[in-house]
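Inspection log for the structure reproduced underneath, given as structure tokens.
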Amino acid sequence: MDDSRYTDLDEETLFLVSQTFKALADPTRIRILNLLFNREYSVNEIAEQLHLRQSTVSHQLRFLKNLRLVKFRREGTSIYYSHDDEHVLNVLHETIQHALHH
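1 is the number of the first residue of the sequence shown in UniProt numbering; add one for each residue after it.
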């Protein structure tokens with residue numbers, strides 16, 4: 001085993017990693033992150049695209065934003081969300097490809 005890549009994980013890192021996997025364990029959050037893979041969307045657009053209530057989308061986006069998995073920008077009265085972590089998105093898409101590969 002190559003020990004040069006081993007790093008003892010501190011409590012904060014362990015917490016962030018476990019919270020990230022928690023985020024990816026929820027089907028609604030997976031759907032939102034997958035949608036945001038190619039472009040940004042407003043809360044209303046996300047709700048419409050995924051057939052979800054706006055309050056559900058807002059709640060999930062808040063969770064994802066707290067983990068720095070999504071970012072937002074304000075344009076007038078609208079807020080647009082996009083993904084904020086290429087690493088996590090790559091993990092998500094590799095996992096989706098794994099699931100599709102029967």
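We put the beta carbon where it would ideally sit given N, CA and C, even for glycine. Just so we're clear, the structure is a prediction, and the values are computed from it rather than from any experiment.
Using the DSSP secondary-structure output, state which residues sit across from Ile-79 in a beta bridge.
Arg-74
Report, in whole angstroms, the separation of the C-beta atoms of Leu-36 and Ser-82, which I expect to be a contact under 8 Å.
Contact between Leu-36 and Ser-82 holds, since their C-beta atoms are separated by about 6 Å, short of 8 Å.
From Pro-27 to His-93, what does the alpha carbon distance come to, in whole angstroms?
14 Å
My parser needs the beta strand (DSSP E) runs of 3 or more residues fully inside the UniProt domain "HTH arsR-type" (9 to 102); what are they?
70 to 75 and 78 to 83
Of the residues Thr-20, Arg-31 and Gln-19, the one placed nearest Ile-96, counting alpha carbons only
Arg-31
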